[in-house]
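S.K.:
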Amino acid sequence: MTKEAYKPGKECIKCGSCMTVCPVFQNTHMEADVARGRLAVLKQGEKDEKLARSAIMRDVLTRCLLCGACENVCANKVPAPRRVIQGREIARKRFNLPKQVQLAALTDQGLKGGLLRTGGKLAQGLLGGKIDKSSGLYLRFPASFFTDRKVIPAFTSPSWLERKKGADFSGPGLRIGFFAGCGTDHLFQQNAQALERLGEKAGLNIITVPGQGCCGLPAYAGGDRETAIACAKRNLDAFSALDLDAVATVCASCGSQIHNLPQLFEDDPEYLAKAEKMAAMHRDAAQILLDAPDFRDLLKQINAAAHGDTPRVYYHTPCHLRFGKSASSAPLDLLKSLDQRIDLIPPGGLTQCCGHGGGFNIDHHDLSLKIHQSGLGPILEQSPEKIVTGCTGCLMQFMEGVYTAERPQVEICHPLVLVDTLLK
């Protein structure tokens, strides 16, 4: 192992603040599952080859949600999540881990029949090549995803990007470039539709930028830096080709990765400039709408149309909107402004990570659900009719959670979808 990946271990003062916020540690109570212990093991791995190749190191590298809660409370601001990612990158290179392990498993002939039966159209899209091979869905949905879960997201064809080919700006409003992301592109197109309709009513000129692809977060978080860079270059070329006023996302994870892009090009001045510009232009879609004067008027109209039906709504803030450069309270602010139309339940219960964590949900599915269920119970005790959140992973986790809790009548949706519904 190289020293660069474990340098922050020398900065950790072992105060234990991370233990108070880490969702994994709070469920396992294992020192190696919290940033303090994780960094210590990574540091030891610099000089202990046996440890570097051990199951202990594998757990240290995979049993992290990358939620960012530890770094947020750390007195020294040790970037533990980034160091875990660097450790995964080193492990992938050092031990020659294949880039497409998940895809290889998914296309295994012995698994196809069962996957097609349990995975429905999503598995068919992956197996049949209907989804572009660069999509992060291949990393989010390996074979185990379809065999471990009760709830499989519905696959939509054609994809959102295919439907929007050839789209162009029209009208005098601000030029907003929409970054869809893989989840919205293939699974949650209603989120993009809601943004499109609300943006039009707000006088915004929103276009789904042609030529874009996966944000690269699944690859980046998994230590596949080369693929993450390739995804980034594709998107940077696509967005820099247009004269935009802002870049919008409806997935917090994608938005976070846009802010991560400059880290990928520290030795590439051309793409570093593009990455810094795109990161500076990015806003969560809710923020872009709230900043539009016409949308504020629209919210007043929605409230004025209030009637007896005020659904109880719980809002879950994704980790990528709670911590880091992409943090934003805009979705919650948006919901608060609809006080005449919804009964917004005060935060409580699952105020931490939902437990999904991308690859964490795949590698440690049972622990992922345990983390989720520990917070979901208090939320369900408040009898929500809708749980809203703005992240693909969070949406899938809550879909699975309410089903497992035998509360399938609770609707899981994106904040913009809820607002769009109130307009109808």
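Taking our numbering, I'd label the letters of the sequence shown as residues 171 to 594. Ideal placement from N, C-alpha and C gives every residue a C-beta, glycine not left out.
Report buried or exposed for ASN403, applying the criterion of at least 16 other Cβ atoms within 10 angstroms of its Cβ.
M.R.: Taking the sequence shown and counting its residues from 1, one reaches residue 403 at position 233. Checking the displayed sequence, the identity of residue 403 turns out to be Lys instead of Asn. Label assigned to LYS403: buried.
S.K.: Is the separation between the beta-carbon of GLY525 and that of LEU539 shorter than 8 Å?
M.R.: For the purposes of this step, residue 525 is identified with residue 355 of the sequence shown, where counting begins at 1. For the purposes of this step, residue 539 is identified with residue 369 of the sequence shown, where counting begins at 1. Cβ distance < 8 Å, so GLY525 and LEU539 count as in contact.
S.K.: Quick test of your reading: ALA202 and ILE183, contact by CB under 8 Å. State the CB separation rounded to the nearest angstrom.
M.R.: What you label residue 202 is simply residue 32 of the sequence shown in a count that begins at 1. What you label residue 183 is simply residue 13 of the sequence shown in a count that begins at 1. Here ALA202 is actually not in contact with ILE183; their C-beta atoms are around 18 Å apart, not less than 8 Å.
S.K.: Under 8 Å by Cβ, that's how I've got ILE346 and ASP407 pegged, so tell me the actual separation to the nearest angstrom.
M.R.: For this step, residue 346 is matched to residue 176 along the sequence shown. For this step, residue 407 is matched to residue 237 along the sequence shown. ILE346 to ASP407, Cβ: 19 Å. No contact.
S.K.: Closest to VAL420 by C-alpha separation, out of CYS561, ARG253, PRO578, would be which residue?
M.R.: Your numbering for residue 420 matches position 250 in the sequence shown. Checking every option, the nearest Cα to that of VAL420 belongs to CYS561.
S.K.: Using 8 Å as the limit for Cβ to Cβ distance, is VAL211 near chain B?
M.R.: In the structure shown, chain B cannot be found, because there is only a single protein chain.
S.K.: Assign CYS489 to one of two classes, buried (16 or more other C-beta atoms within 10 Å of its C-beta) or exposed (fewer than that).
M.R.: Here residue 489 is taken as the residue at index 319 of the sequence shown, counted from 1. Residue environment for CYS489: buried (at least 16 other C-beta atoms within 10 angstroms of its C-beta).
S.K.: Excluding the five sequence neighbours on either side, which residues of its own chain have a C-beta within less than 7 Å of the C-beta of GLN359, listed in chain order?
M.R.: Counted from its first residue, the sequence shown places residue 359 at position 189. Excluding sequence neighbours, GLN359 sits near THR326, TRP330.
S.K.: Could you tell me the alpha carbon to alpha carbon distance between GLY295 and HIS584, rounded to whole angstroms?
M.R.: Reading the sequence shown from its first residue, position 125 is the one you call residue 295. Reading the sequence shown from its first residue, position 414 is the one you call residue 584. In this prediction, GLY295 has a pLDDT of 48, which is less than 50 and means its spatial position is unreliable; what the coordinates show is noted afterwards. As the crow flies, the alpha-carbon of GLY295 is around 23 Å from that of HIS584.
S.K.: By the three-class DSSP mapping on this structure, what secondary structure does THR480 have?
M.R.: By 1-based counting over the sequence shown, the position of residue 480 is 310. Note: THR480 maps to coil in three-state DSSP.
S.K.: Looking at the unbroken beta strand (DSSP E) that takes in THR419, where does it start and where does it end?
M.R.: By 1-based counting over the sequence shown, the position of residue 419 is 249. THR419: member of the beta strand (DSSP E) spanning 416-419, first to last residue.
S.K.: Helix, strand or coil for THR378 per DSSP?
M.R.: As a first step, residue 378 must be located in the sequence shown, where it is residue number 208. THR378 falls in the strand class under three-state DSSP.
S.K.: Since CYS583 sits in a beta bridge, which residues does DSSP pair it with?
M.R.: Position 413 of the sequence shown holds residue 583. Answer is VAL558, bridged to CYS583.
S.K.: Can we say the segment 561-580 touches the segment 492-504, given the rule of at least three CB pairs closer than 8 Å?
M.R.: no
S.K.: Is GLY525 helix, strand or coil by DSSP?
M.R.: Counted from its first residue, the sequence shown places residue 525 at position 355. In this structure, GLY525 counts as coil in the three-state DSSP scheme.
S.K.: Considering Cα atoms alone, identify which of ALA222, GLY341, VAL589, ALA261 is closest to ALA475.
M.R.: If you number the sequence shown from 1, residue 475 lands on position 305. It is VAL589.
S.K.: Do the segment 542-562 and the segment 479-486 make contact, defined as three or more Cβ pairs closer than 8 Å?
M.R.: yes
S.K.: Is there contact between the segment 527-536 and the segment 449-463, where contact requires at least three CB pairs shorter than 8 Å?
M.R.: no
S.K.: Among residues of its own chain, excluding the 5 on either side of GLU446, which ones have a beta-carbon nearer than 7 Å to its beta-carbon?
M.R.: By one-based count along the sequence shown, residue 446 stands at place 276. Around GLU446: PRO432.
S.K.: Tell me whether GLY547 sits in a helix, a strand or coil according to DSSP, three-state version.
M.R.: By 1-based counting over the sequence shown, the position of residue 547 is 377. Of the three classes helix, strand and coil, the one that applies to GLY547 here is helix, per DSSP.
S.K.: Quick one: give me the first and last residue of the beta strand (DSSP E) that ILE346 is part of.
M.R.: Position 176 of the sequence shown holds residue 346. Counting along the chain, the beta strand (DSSP E) containing ILE346 begins and ends at 345-349.
S.K.: For ALA455, is the classification buried or exposed, using 16 other Cβ atoms within 10 angstroms of its Cβ as the cut-off for buried?
M.R.: As a first step, residue 455 is located in the sequence shown; it is residue number 285 there, counting from the start. Flag for ALA455 reads buried.
S.K.: Less than 7 Å between C-beta atoms, sequence neighbours within five positions excluded: which residues of the same chain meet that for THR480?
M.R.: Position 310 of the sequence shown, counting from 1, holds the residue named residue 480. Counting only Cβ-Cβ distances below 7 Å, and skipping sequence neighbours, we find ARG511, ILE512, ASP513.
S.K.: Label PRO133 either buried or exposed according to how many other C-beta atoms from any shown protein chain fall within 10 Å of its C-beta, with 16 as the threshold for buried.
M.R.: Outside the modelled stretch of the chain, which goes from 171 to 594, sits residue 133, for which no answer is possible.
S.K.: Ordered along the chain, which non-local residues of its own chain (more than five positions away) have a Cβ less than 6 Å from that of HIS429?
M.R.: For the purposes of this step, residue 429 is taken as residue 259 along the sequence shown, with counting starting at 1. Leaving aside the five residues that flank HIS429 on each side, the residues in its chain whose CB is nearer than 6 Å to its CB run, in chain order, ALA449, LYS495, SER496.
S.K.: Mapping the DSSP letters down to three states, classify HIS535 as helix, strand or coil.
M.R.: Within the sequence shown, residue 535 is the residue found at index 365, counting from 1. In this structure, HIS535 counts as helix in the three-state DSSP scheme.
S.K.: My output table needs one value for LEU235: the three-state DSSP class, helix, strand or coil.
M.R.: In the sequence shown, residue 235 corresponds to position 65, counting from 1. LEU235: coil per DSSP, three-state reduction.
S.K.: Does DSSP put ASP203 in a helix, in a strand, or in coil?
M.R.: As a first step, residue 203 is located in the sequence shown; it is residue number 33 there, counting from the start. Note: ASP203 maps to helix in three-state DSSP.
S.K.: Please report the residue range of the beta strand (DSSP E) in which HIS452 lies.
M.R.: Position 282 of the sequence shown holds residue 452. Per DSSP, HIS452 belongs to the beta strand (DSSP E) from 452-454.
S.K.: Pick helix, strand or coil for ASP278, following the three-state DSSP scheme.
M.R.: Taking the first residue of the sequence shown as 1, we reach residue 278 at position 108. For ASP278, the predicted model reports a pLDDT of 36, less than 50, meaning its position is unreliable and no value from the coordinates is stated.
S.K.: Just checking my contact of VAL211 with CYS188 at CB under 8 Å: how many whole Å lie between their CB atoms?
M.R.: As a first step, residue 211 is located in the sequence shown; it is residue number 41 there, counting from the start. As a first step, residue 188 is located in the sequence shown; it is residue number 18 there, counting from the start. Rounded, the Cβ-Cβ distance is 14 Å, inconsistent with contact.
S.K.: Which first and last residues belong to the alpha helix (DSSP H) in which LYS470 is found?
M.R.: Numbered from 1 along the sequence shown, position 300 holds the residue referred to as residue 470. Counting along the chain, the alpha helix (DSSP H) containing LYS470 begins and ends at 463-474.
S.K.: Alpha carbon to alpha carbon, how far is ILE582 from ASP437?
M.R.: Here residue 582 corresponds to residue number 412 of the sequence shown, with the count starting at 1. Here residue 437 corresponds to residue number 267 of the sequence shown, with the count starting at 1. Each residue's Cα considered, the two are about 42 Å apart.
S.K.: Using CA atoms only, rank isn't needed, just tell me which of GLU576, LEU592, LEU593 is closest to VAL321.
M.R.: Counting from 1 along the sequence shown, the entry for residue 321 is found at position 151. Ranking the options by Cα distance to VAL321, first place goes to GLU576.
S.K.: Are LEU209 and ARG252 touching if we call contact CB-CB under 8 Å?
M.R.: On the sequence shown, position 39 is the one that residue 209 refers to. On the sequence shown, position 82 is the one that residue 252 refers to. Not closer than 8 Å, so no.
S.K.: Could you spell out the range, first to last residue, of the alpha helix (DSSP H) harbouring ILE428?
M.R.: Reading the sequence shown from its first residue, position 258 is the one you call residue 428. Counting along the chain, ILE428 sits inside the alpha helix (DSSP H) bounded by residues 422-430.
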